[in-house]
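Number 691 marks the last residue of the sequence shown (our numbering); no jumps. Here is the structure we will look at.
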Amino acid sequence: MPHPGRLPGAPEFHIKLPKDGGEARGYLLAKFGGNGTHKFLLLEGSLVVAEAWPGLGDHARRIRADLRASGGLVDARPQPDRPEAPPRWVATQDIACNSSSAAAALVYGYDASGPESWRTAEGHPLADYLSTGWRAPRKAWLVRGSNVSGRNLVRQLWLKEGFVSLAGAHLPRLEEADPTKSVLRRYVEEGYEGAASYNQKRGLVDELHAFLTQMRVGDTVATIGDGRLHVGRITGEAVQTSSPGGLSNLRRTVGWLPQSHAYEELPEEVQQKLSVQHDVVDLTGVLDTLDGLTGHTERTDPAATDDTGEYPAVERPAQRELSLPDVTEALASDLLVHDRAWLEEMRELLLDERQLVLYGPPGTGKTYLAMKLAEYFGGGPEQVKIVQFHPSYAYEDFFEGFRPVEDPETREVAFRLTAGPLRELADLASREGNRHIPHFLIIDEINRANLARVFGELYFLLEYRTRSVRLTYSGDDFALPPNLFVIGTMNTADRSIALVDAAMRRRFAFVELSPRAEPTAGLLARWLKRENRDPEPARLVDALNALINDADFAIGPSYLMKPGVYREGGLERTWRTKILPLLEEHHYGEGLDVSARYGLDSLREQRP
């Protein structure tokens, strides 16, 4: 017999306690609590964590204490086979809570989200059974209709008759105006049994919920037809009607704007969103860009019209374009780059390619230069993140994956989806207000990892910045923000890692840093001059590199750009412990006396 106050259509929900400590049960009540959400009934016999954690609020602590004092919560019977099990309390009566979150806090002993913590037996969250809460005053949506069972509804119906639609041939008659996800799931399960796979049904529930419940009159709607973007404004509530073949029986009226836009001319961030492969896509993240395309101005007070009855135009703030700062003489001087044109080329490569690799032998300043360029073009170190690849580095380390994480409240360890450095930087770069600011990811020793394993499906995005892909772990549709740049560094002296595959070559611009070419050639001499030091080390390095027959083993200037080199005996010590061992390895097995050929005494004798 259902409880008289139970919310109709809502099932029983469960919370599994940590360490196999039993479960709590309950359901939603039709009556609303003080915070505007449905009350929740915690059922008699439910188990509750006995310990209150530091994250528990004062109000919840008082409720737990009152229930203990009144006998509503008593010590649970110990488990003889599990003496190490933490103490639990058991509810001796049904307990009405102000909300599902209040009930979750009562059960867990710390503040928790009720809509996500409480689950059905099938694993669906309680949130699916609640009406849509707060949403942005105006949102934007993509609804696809150019290929619905082979028919181009955009051209044939939508633009001519002024609406958008979804196909729902097997959907029963909807009785609710704003159905929850749980109601739609039941309708889809009943109507599409045997007609759709489980994944198709799950996607259909999400699209129906967006179209019927989340969309509102006044929202912006867009669609693609014949290679052009059409934009309009939703003017009517969702209605269910008959249509040939059920291809357009869920409809919303739309006021379409007369102007359309060629897809290839759309801003990159809009193309990324449009590439998401769903019939209904939330475009609110690019709403300002869409408004800029259409010249939309927000109308507020209906009475605020001028003498002609027209709404006065409200000037929108100009959209800030992504750009990189110009190269200055100060930058060239700071980096000791003799040819400023080289820095100009780096700027152009970054703007055109978004990804480049600085490669060359050790000591040529690849990592230093990458950091300096990133900080200059990005406007500071806050927009720069550095990672170093190594043989055991993986996709889960770089982008996202499930990692063991300790709960700060319960001290339980569980595997949770955790963002890596690339996802963190991409999320930062794509935030509202950040999209015109360059952000840089520096990957040091980029060729020391298995690149196909590390990048995964992101390899595609490096080449196709206007597209999105479905992620392996989270299932999100993800695109690399246009303001995210990647600079890698690569050592060419180690033959085992010097080669990279063709896919990598195609996705990055490769820039050599060699002691024999700009900007590295002459760098040590310029640095010694600026530091007012003896120029001899620069002449010695030039003489040394003239004797080395392999450019990949040339000695870079950074070995001799450290303070310790210029202390008493520092040059000889650096030459003996840093430079000669590299050349010993280069000539391994040849029987060459490396010290006699490349030692300081020998090089000094060779100087004219």
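For glycine and all other residues, C-beta sits at the position ideal for the given N, C-alpha and C.
Short Cβ contact (7 Å threshold) for residue i with residue j
i	j	result
Ala186	Glu127	no
Gly448	Ser280	no
Phe481	Thr336	no
Gly639	Pro598	yes
Gly197	Glu134	no
Ala219	His253	no
Tyr476	Val537	yes
Leu90	Ala107	no
Leu267	Leu291	yes
Leu441	Thr572	yes
Val304	Leu287	no
Leu500	Ser551	no
Gly251	Leu330	no
Val496	Glu507	no
Ala637	Pro444	yes
Ala592	Leu439	yes
Gly461	Phe523	yes
Leu663	Val648	no
Asn181	Gly119	no
Thr367	Ala223	yes
Straight-line gap, residue i to residue j (C-alpha atoms, nearest Å)
i	j	result
Leu541	Met587	12 Å
Glu199	His207	9 Å
Asp362	Gly228	8 Å
Asp309	Arg423	46 Å
Trp172	Lys102	15 Å
Tyr394	Asp374	Low local confidence applies: a pLDDT of 34 at Tyr394 is under 50, so the model's placement there is unreliable, with the coordinate-based value given in what follows. The alpha-carbon atoms of Tyr394 and Asp374 are separated by roughly 16 Å.
Ala679	Ser685	6 Å
Asp384	Gly301	Here Asp384 scores only 39 on pLDDT, less than 50, and its place in the model is too uncertain to base an answer on.
Arg382	Arg221	Residue placement at Arg382 is flagged as unreliable, the pLDDT there being 45, under the threshold of 50; the coordinate-derived value follows with that caveat. Those two C-alpha atoms are separated by around 11 Å.
Leu606	His421	8 Å
Tyr275	Gln162	46 Å
Ala629	Thr657	19 Å
Val314	Pro408	34 Å
Ala93	Leu111	7 Å
Gly155	Ala204	26 Å
Ala453	Arg589	20 Å
Pro85	Lys284	Residue placement at Pro85 is flagged as unreliable, the pLDDT there being 49, under the threshold of 50; the coordinate-derived value follows with that caveat. About 29 Å.
Glu259	Arg514	36 Å
Glu619	Gln471	34 Å
Per DSSP, cross-strand counterpart(s) of residue i
i	result
Met573	Tyr442
Val226	Val363
Ile307	Leu312
Thr501	Gly484
Buried versus exposed call for residue i [16 or more other C-beta atoms within 10 Å across all chains shown]
i	result
Gln360	exposed
Ala148	exposed
Lys122	buried
Ala396	For Ala396, the pLDDT reaches just 42, beneath the cut-off of 50, and the residue's location in the model is therefore unreliable, although a value from the coordinates is still provided. Classification of Ala396: exposed, given that the 10 Å Cβ count is below 16.
Arg399	Because Arg399 sits at a pLDDT of 44, beneath the cut-off of 50, its placement in the model cannot be relied upon, and the following sentence gives the value as read from the coordinates. The residue is exposed, with fewer than 16 neighbouring Cβ atoms inside 10 Å.
Thr391	Confidence at Thr391 is low in this model, with a pLDDT of 40, below 50, so its placement is unreliable and no value can be given for it.
Phe485	exposed
Gly378	exposed
Asp389	Reliability fails at Asp389, whose pLDDT of 44 lies under 50, so the model's placement of it is uncertain and the value that follows must be treated cautiously. Under this definition Asp389 is an exposed residue.
Arg437	buried
Gly88	exposed
Ser153	exposed
Pro565	buried
Asp261	exposed
Thr411	exposed
Phe96	buried
Ala585	exposed
Tyr681	buried
Thr296	buried
Lys612	exposed
Thr660	exposed
Host alpha helix (DSSP H) of residue i (start-end)
i	result
Gln354	Glu351 to Leu357
Ala188	Ser183 to Tyr191
Gln689	Leu683 to Gln689
Val484	One detail in the question is off: residue 484 reads as Gly in this sequence, not Val. Here Gly484 belongs to no alpha helix (DSSP H); instead the beta strand (DSSP E) covers Glu483 to Glu489.
Gln176	No alpha helix (DSSP H) contains Gln176, which DSSP labels as neither H nor E.
Asp289	Tyr281 to His292
Lys468	Looking at the DSSP string, Lys468 is not in any alpha helix (DSSP H); the run it does join, the beta strand (DSSP E), is Val467 to Gln471.
Val271	Lys264 to Gly274
Residue span of the beta strand (DSSP E) that contains residue i, given as start and end
i	result
Gly109	Glu106 to Phe115
Lys455	Looking at the DSSP string, Lys455 is not in any beta strand (DSSP E); the run it does join, the alpha helix (DSSP H), is Lys449 to Gly461.
Glu595	Ala592 to Glu595
Thr336	Leu333 to Ala345
Any C-beta of chain D under 7 Å from that of residue i
i	result
Pro408	Among the protein chains of the structure shown there is no chain D, as only one such chain exists.
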